[in-house]
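Student:
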Amino acid sequence: MTSDPPQATATASDTAGSGDAEQQVQSNGAAPVVRFEDDFRENPPKNKGYARGPRPRRTSIAVVLGLDWRQQRDLTVSERYRQPGNLRHAEVDDEHGKSEFFLTLLLQSVEDSLPLFVGTILFLLVWALLCSFCAQLLRDQAAADAVAAYADQDTEEVASRAKQWLEDITECKSAVSIIGTLFVFTLVFRFNACYDRWWESRIFWGDIITKCIDLGVMNRRWFNHEDLQNQISRFIVVYSFACKALLRGTSLNEEGGDGPRLVERGLLSQQELDLMDGSPSWQPFFCLETLRAIVVQIYGIPDMKGFKPGTSKLQAQIFRNFDNNLKDLNTLIGSCVRVRASGLPASYDAITMTSFVTFFLLASVVWSVAIGWMTPIIVFFASVIIMFLILMGTKLVDPFGLDKVDIPMESFCAQIEAQLRAIDERNETIIEVTSDAARSGLRRRSMFDTSG
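This is the structure:
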């Protein structure tokens, strides 16, 4: 039997098992059901630091209340995760998704840095036009001086001077090529560093999903205390939402945070949420310490009745595996915090922009002598492509923001919650499949069924 939930969530949990949970919750005076992803898009949380009020009285983690989490099945994250197929199949990237991601990154990068983008392109374009105009004047002057020199030998010195300017500028091609090579190296190096941060963050969150699901499976297969098992399942889900809030510089209980919606869905009680908000630790670590405290309570049950029958010789290994997963989750959120807090060195941006502007200033002078009025066209398209790469890299530096190209932490948290619910829901089915009756029926069918 589960312990009685607090009054703040009793109304929602009492009506969760009926046919129309949302209508009954609203009729009983409780807060209306809010779909997490839809509400997040309409009211995104503010990206600010922790804003804590007066802290409540310090209370031990052991007092956190147990809620019957599985009774809240009708209050799922969103309609998309209610479908059985979405619980069985993971979302995969496809060619359309990759193209959409690239276009979204491209357009959003320009949109967020439009003044810098337009200003830089216009400056380089005007400089290219000026260089082409000056190069045309030099060519015209050299031609005029050559004609005058042919008619009058006194202007030979002037003619050679204009021609010498053109020759000297042409000889600078090798130097400009070296500068261009160094610039391309810095550009590629910076973009790879930005993309590696984004990709590393996705790997960390993939490991978080794996570890959370692994903990959920171990919880239902090894432990044998319904109340404490429900607590473990709940706090595994809350851990993922706490990670998302921490990486965006907010907390679960702030305005626009996920805390009230977690209370509505029965994943937290209001007292637990207040304890988390009043704790001086980061909220993901609070969840991990709570999970450790619950495991200690299971081990403290007399006669080891907190474990499934037949696991008496595996209890030390069970504890080791469970604690190792908690350590891995601790390391993963620490790695995500490192990615978010470190950023790129300021020298990366300074060197990239300096070499970018220097290269095109010098290249425009050399190209204008060789290709004339084609220089502004080449400079325009080349500078646009390079500015795209610079701005796209800048967009990938912080992968935990609210941009469309950032890590979809809302989707990851929803997947973790959906999978943990699925693990709890199929627990009875697994017990039935592994029962003695099922195994004996399988043996009889294998012995007497000779059809195939």
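Just so you know, my numbering puts 23 at position 23 of the sequence shown, and the rest follows in order with no gaps.
The beta carbon of each residue, even a glycine, is placed where N, CA and C say it ideally should be.
All figures in this text were calculated on a predicted structure; none of them were measured in a lab.
1) Decide if residue 341 is buried, meaning its Cβ has at least 16 other Cβ atoms within 10 Å, or exposed.
2) Relative to the C-alpha of residue 244, which residue among 182, 114, 224, 209 is closest?
3) Excluding five sequence neighbours on each side, which residues of the same chain lie with their C-beta closer than 7 Å to the C-beta of residue 131?
4) Is the region 287 to 306 touching the region 223 to 243 in the sense that three or more CB pairs, one from each, lie closer than 8 Å?
5) Helix, strand or coil for residue 307? Go by DSSP, reduced to three states.
6) Helix or strand or just coil, what does DSSP make of residue 223?
7) Would you grab the beta carbon distance between residue 215 and residue 325 for me? Rounded to a whole angstrom, and I think it's under 8 Å.
8) With distance defined between alpha-carbon atoms, name the residue in 217, 264, 371, 250 nearest to residue 424.
9) Leaving out the 5 sequence neighbours to the left and right, which residues in its chain are closer than 6 Å to residue 128 when beta-carbon positions are compared?
10) Quick one: measure Cβ to Cβ for residue 399 and residue 222, integer angstroms, because I've assumed they're closer than 8 Å.
11) Below 8 Å, how does it come out for the region 135 to 150 and the region 162 to 174: are there three or more Cβ pairs, yes or no?
12) Tell me the rounded alpha-carbon separation between residue 180 and residue 111.
13) Report buried or exposed for residue 428, applying the criterion of at least 16 other Cβ atoms within 10 angstroms of its Cβ.
14) Measuring alpha carbon to alpha carbon, tell me which residue in 164, 206, 235, 204 is nearest residue 219.
15) Report all residues from its chain with a CB closer than 7 Å to the CB of residue 360; omit the five preceding and five following residues, and keep chain order.
16) How long is the line joining the alpha carbons of residue 385 and residue 189, rounded to whole angstroms?
17) Just how far apart, CA to CA, sit residue 433 and residue 226?
18) List the endpoints of the continuous alpha helix (DSSP H) containing residue 411.
19) If you drop the 5 nearest sequence neighbours on each side, which residues of the same chain put their C-beta closer than 7 Å to that of residue 232?
20) Can the beta-carbon of residue 282 be found less than 8 Å from the beta-carbon of residue 246?
21) Taking the Cβ atom as the reference point for each residue, do residue 305 and residue 224 lie within a distance shorter than 8 Å?
22) Use the C-beta contact count for residue 397: other C-beta atoms within 10 angstroms, 16 or more gives buried, fewer gives exposed.
23) DSSP state of residue 397, grouped into three classes?
24) If we count the other Cβ atoms within 10 Å of its Cβ and call it buried at 16 or more, is residue 201 buried or exposed?
25) Suppose the cutoff is 6 Å on Cβ atoms and the five residues either side in sequence are ignored; what does the same chain contact list for residue 194 look like?
26) So residue 182 packs on residue 355, CB below 8 Å; how close in whole Å?
27) Mind reading off the beta-carbon distance from residue 121 to residue 353? Whole number of angstroms is fine, and I expect it under 8 Å.
28) Over the uninterrupted alpha helix (DSSP H) stretch that includes residue 327, give me the two end residues.
29) Using the beta-carbon count (16 or more within 10 Å), is residue 205 buried or exposed?
30) Only counting the same chain, and skipping five residues up and downstream in sequence, which positions put a Cβ closer than 8 Å to that of residue 279?
31) Report the three-state DSSP secondary structure of residue 172 (helix, strand or coil).
32) Quick one: is residue 415 buried, meaning 16 or more other Cβ sit within 10 Å of its Cβ, or exposed?
33) If you run the structure through DSSP and keep just helix, strand and coil, what is residue 404?
34) Would residue 211 pass as a contact of residue 116 if the rule is Cβ separation under 8 Å?
35) Hey, how far is the Cα of residue 192 from the Cα of residue 344?
Tutor: Based on what the coordinates show:
1) As a position in the sequence shown, residue 341 is number 341, starting the count at 1. Counting Cβ neighbours within 10 Å, residue 341 comes out exposed, since fewer than 16 surround it.
2) Mapped onto the sequence shown, residue 244 falls at position 244. The shortest Cα separation from residue 244 among 182, 114, 224, 209 belongs to 209.
3) Reading the sequence shown from its first residue, position 131 is the one you call residue 131. Excluding positions up to five away in sequence, the list reads 364, 365, 368, 375.
4) Segments in contact, yes.
5) The count along the sequence shown starts at 1 and reaches residue 307 at position 307. Three-state DSSP puts residue 307 in a strand.
6) Reading the sequence shown from its first residue, position 223 is the one you call residue 223. Strand at residue 223.
7) What you label residue 215 is simply residue 215 of the sequence shown in a count that begins at 1. What you label residue 325 is simply residue 325 of the sequence shown in a count that begins at 1. That belief holds up - the Cβ atoms of residue 215 and residue 325 are roughly 5 Å apart, short of 8 Å.
8) As a first step, residue 424 must be located in the sequence shown, where it is residue number 424. The option with the nearest alpha carbon to residue 424 is 217.
9) Looking up residue 128 in the sequence shown gives position 128. Closer than 6 Å at Cβ, skipping near neighbours: 364, 375, 376, 379.
10) In the sequence shown, counting from the first residue as 1, residue 399 sits at position 399. In the sequence shown, counting from the first residue as 1, residue 222 sits at position 222. Contact between residue 399 and residue 222 is ruled out by a C-beta separation of about 35 Å, above the 8 Å threshold.
11) yes
12) Mapped onto the sequence shown, residue 180 falls at position 180. Mapped onto the sequence shown, residue 111 falls at position 111. Roughly 27 Å between the two C-alpha positions.
13) The count along the sequence shown starts at 1 and reaches residue 428 at position 428. Classification for residue 428: exposed.
14) What you label residue 219 is simply residue 219 of the sequence shown in a count that begins at 1. Out of 164, 206, 235, 204, 235 has the C-alpha closest to the C-alpha of residue 219.
15) Indexing the sequence shown from 1 puts residue 360 at position 360. Correct list, in chain order: 124, 379, 383.
16) As a working note, residue 385 is residue 385 in the sequence shown. As a working note, residue 189 is residue 189 in the sequence shown. Rounded to whole angstroms, residue 385 to residue 189 spans 16 Å at the Cα level.
17) Counted from its first residue, the sequence shown places residue 433 at position 433. Counted from its first residue, the sequence shown places residue 226 at position 226. A direct Cα-to-Cα measurement between residue 433 and residue 226 gives close to 20 Å.
18) By 1-based counting over the sequence shown, the position of residue 411 is 411. Its alpha helix (DSSP H) spans residues 409 to 425.
19) Within the sequence shown, residue 232 is the residue found at index 232, counting from 1. Cβ within range, chain order: 219, 291, 294.
20) The residue labelled residue 282 in the question sits at position 282 within the sequence shown. The residue labelled residue 246 in the question sits at position 246 within the sequence shown. Going by C-beta atoms, residue 282 is nearer than 8 Å to residue 246.
21) Numbered from its first residue, the sequence shown carries residue 305 at position 305. Numbered from its first residue, the sequence shown carries residue 224 at position 224. Result yes, Cβ atoms of residue 305 and residue 224 sit closer than 8 Å.
22) For this step, residue 397 is matched to residue 397 along the sequence shown. Buried, by the Cβ-count rule.
23) For the purposes of this step, residue 397 is taken as the residue at position 397 of the sequence shown. Looking at residue 397 - three-state DSSP - the assignment turns out to be coil, as it is neither helix nor strand.
24) Translated into the one-based positions of the sequence shown, residue 201 becomes position 201. Its Cβ being crowded by 16 or more others within 10 Å, residue 201 is buried.
25) Taking the first residue of the sequence shown as position 1, residue 194 is located at position 194. Correct list, in chain order: 393, 396, 397.
26) Here the question's residue 182 lines up with position 182 in the sequence shown. Here the question's residue 355 lines up with position 355 in the sequence shown. About 6 Å; that satisfies the 8 Å criterion.
27) Taking the first residue of the sequence shown as 1, we reach residue 121 at position 121. Taking the first residue of the sequence shown as 1, we reach residue 353 at position 353. Contact doesn't hold; Cβ gap of about 13 Å is too wide.
28) As a first step, residue 327 must be located in the sequence shown, where it is residue number 327. Segment 315 to 342, the alpha helix (DSSP H) holding residue 327.
29) Residue mapping note: residue 205 aligns to position 205 of the sequence shown, counting from 1. In the assembly as shown, residue 205 is a buried residue. Its beta-carbon has 16 or more other beta-carbons within 10 Å.
30) Looking up residue 279 in the sequence shown gives position 279. Closer than 8 Å at the Cβ level, and outside the excluded window around residue 279, lie 286.
31) Against the sequence shown, residue 172 aligns to sequence position 172. Residue state, collapsed to three classes: coil.
32) For this step, residue 415 is matched to residue 415 along the sequence shown. Under this definition residue 415 is a buried residue.
33) Locating residue 404 in the sequence shown gives position 404, counting from the first residue. Looking at residue 404 - three-state DSSP - the assignment turns out to be coil, as it is neither helix nor strand.
34) Here the question's residue 211 lines up with position 211 in the sequence shown. Here the question's residue 116 lines up with position 116 in the sequence shown. Contact flag unset, no.
35) Here residue 192 refers to the residue found at position 192 of the sequence shown. Here residue 344 refers to the residue found at position 344 of the sequence shown. Rounded to whole angstroms, residue 192 to residue 344 spans 12 Å at the Cα level.
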